[in-house]
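A.B. asks: Numbering (our numbering), first residue to last: 4 to 538.
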């Protein structure tokens, strides 16, 4: 099957595509004066384009410890497999990425800033209509635009910058341009600012936007920043910012008094992967809060290619948990599929939806639909926040709720957590370096087993969604990639490569680079693998 790359130009959002003349070409587009926005309905239609159509999964998952090299000693079967694209070799080796194909840093950068540009044009139109004395209520549109602007910058800062440490330490780390105005000039130079600057502006947009939202403004609310999706976004953002009281507040708005009633139903057994894909992303699923269609070939990486969910990554799932043995029961019932055990496994929650442009020629666009915010992940955000607020019993209660909803019916106890999450359990326990990143990010010995449990549950919950990479970054978790037959690379807690390099096209246009982006790799001395029963 031939694949044609999809190129999206937002002709319906009063913008035109200009030649790449300076940095601002990657951040915004000039307005086309032939089109004006005069009504709330027109602005709502514009905001459909305020959500990025890029997908972070491939870039983030290959960067994390959720994927292995099928050609490395970690996989028991001898393979000589090719990568789906050269870019995947660069990502897995934490090298600078030169491609501008779907799933690349360039696509993420461009699509996020296109979405931000749309939000800014909507906000400007709202300002002008309100100044002219319109009688229409434009508050819901303003709220959605502010949330979209915050979200686009949230993805960019967490992908292309170092993780947030604290307000002072993160003033030393380069941020990304926080664009708040639609540009009317072609040559505008943007300053990257700092990670702290970006986080402060995201918080301001979230706080200003949420009170304005109105769910009755949408025919299908889950394709927009509805109120619950916005609170879930706020919960995740404040978790990364370590403002735990606000995490609990916003998560509570999502979960209500009976969280179990709004979590995903894992009891259904599926006969094929397509059926599973549609069930996972459906709008009627109570767990799904924001659903975003994206342009991505991520699902194709699982078809007999070099990089896979295999080896030690699979052992993270298959070797049990604190209150279950072997595979967790919620990942049974048709959730896992394979093109051959030696090639690894895939879960169809990231299944491909192919849009034909010519069925006879077999060409079209590849899509993966993201469930960007879910009640299940929001519950785990709250559990982590409650732990650091020293409300351990409440955190344990949330973890038990997660277990029950995921068909793990044996109660989870504090003693089970303390006994299971020990340094010897190397498949699910990784040393934390948060205190090296920030003197205020201390995980006490009593808290660490609970943190490891939450990170384990988060890894299971968000597998293939890219969020494991952000967890690795924010806790300073060091990870190892075995590359080919004899190369080993370790990403240290303070490695500059934890911030994905700014896309090459953007650097060529004058954007400030991320710091030094190289690290020595070591050759492996291959010996027979000796594994204990817990590995």
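Glycine included, C-beta positions come from ideal geometry on N, C-alpha and C.
(1) Can you say whether residue 28 is buried or exposed, counting buried as having 16 or more other CB atoms within 10 angstroms of its CB?
(2) Please state whether DSSP places residue 216 in a helix, a strand or coil.
(3) Are the CB atoms of residue 241 and residue 206 within a distance shorter than 9 Å?
(4) What do you get for residue 286, buried or exposed, if any count of 16 or more other CB atoms within 10 angstroms of its CB means buried?
(5) For the 8 Å Cβ check, are there 3 or more pairs between the region 363–378 and the region 256–271?
(6) Per the DSSP calculation, residue 203 is bridged to which residue(s)?
(7) My assumption, with CB atoms under 8 Å, is that residue 144 sits in contact with residue 501. Please give the rounded CB distance.
(8) Is it the case that the Cβ atoms of residue 257 and residue 235 are separated by a distance below 9 Å?
(9) Measuring only the C-alpha atoms, how far is residue 216 from residue 122?
(10) Restricting to Cα atoms, I'd like to know which of 507, 55, 213 and 89 is closest to residue 567.
(11) Under three-state DSSP, which class holds residue 519?
(12) Comparing alpha-carbon positions, which option in 341, 466 and 297 lies nearest residue 358?
(13) Tell me, to the nearest whole angstrom, how far the beta carbon of residue 254 is from that of residue 428; I am working on the premise that it is less than 8 Å.
(14) According to DSSP, what are the bridge partners of residue 376?
(15) Is residue 495 helix, strand or coil by DSSP?
(16) Give the straight-line distance between the Cα atoms of residue 81 and residue 313, rounded to the nearest whole angstrom.
(17) Does DSSP put residue 370 in a helix, in a strand, or in coil?
(18) Which residue from 332, 485 and 193 puts its Cα closest to that of residue 68?
(19) Between the alpha carbons of residue 86 and residue 66, how many angstroms are there, rounded?
(20) Identify, in the order they occur along the chain, each residue of the same chain with its Cβ nearer than 8 Å to the Cβ of residue 471, setting aside the five sequence neighbours on each side.
(21) Among 135, 229 and 382, which residue has its Cα nearest to the Cα of residue 220?
(22) Please state the DSSP three-state secondary structure of residue 71.
(23) Does the contact criterion of 3 or more C-beta pairs under 8 Å hold for the region 303–311 versus the region 339–350?
(24) Express the C-alpha separation of residue 84 and residue 180 in angstroms, rounding to a whole number.
(25) Answer with buried or exposed for residue 32, where buried requires no fewer than 16 other C-beta atoms within 10 angstroms of its C-beta.
(26) Between residue 404 and residue 382, what straight-line distance do the alpha-carbon atoms span, to the nearest angstrom?
(27) Would you mind giving the Cβ-Cβ distance between residue 410 and residue 270, rounded to the nearest angstrom? I have them listed as a contact below 8 Å.
(28) Which residues in the same chain have their Cβ closer than 8 Å to the Cβ of residue 102, if we skip the five residues on either side of it in sequence?
(29) Give me the residue from 202, 275 and 300 with the minimum Cα distance to residue 371.
(30) Does the distance from the C-beta atom of residue 119 to that of residue 46 stay below 9 Å?
(31) Please name the residue, chosen from 160, 499, 496 and 284, that lies closest to residue 203 on a Cα-to-Cα basis.
(32) On a CA-only basis, which of 56, 211, 362 and 178 is nearest residue 201? Give me that one, please.
(33) Would you grab the beta carbon distance between residue 415 and residue 326 for me? Rounded to a whole angstrom, and I think it's under 8 Å.
(34) Hey, how far is the Cα of residue 76 from the Cα of residue 142?
(35) Would you give the residue range spanned by the alpha helix (DSSP H) that residue 474 belongs to?
(36) Since residue 494 and residue 97 are thought to touch, with beta carbons under 8 Å apart, how far apart are those beta carbons, to the nearest angstrom?
C.D. replies: Reading from the atomic positions:
(1) Note that residue 28 scores a pLDDT of 47, beneath 50, so its modelled location is shaky and nothing firm can be said.
(2) coil
(3) yes
(4) exposed
(5) yes
(6) Partner(s): none; residue 203 has no beta bridge.
(7) Incorrect: roughly 37 Å between the Cβ atoms, too far for contact.
(8) yes
(9) 14 Å
(10) The shown model of the chain, from 4 to 538, leaves out residue 567, and the question about it has no answer.
(11) coil
(12) 297
(13) That pair is no contact at about 28 Å.
(14) 293
(15) coil
(16) 13 Å
(17) strand
(18) 485
(19) 15 Å
(20) 63, 64, 67, 68, 69, 461, 462 and 465
(21) 229
(22) strand
(23) yes
(24) 39 Å
(25) For residue 32, the predicted structure reports a pLDDT of 47, less than 50, and the residue's modelled location is therefore unreliable. A value from the coordinates is still provided. Burial call: buried.
(26) 9 Å
(27) 7 Å
(28) 88, 89, 90, 93 and 109
(29) 300
(30) no
(31) 160
(32) 178
(33) 5 Å
(34) 57 Å
(35) 470–477
(36) 6 Å
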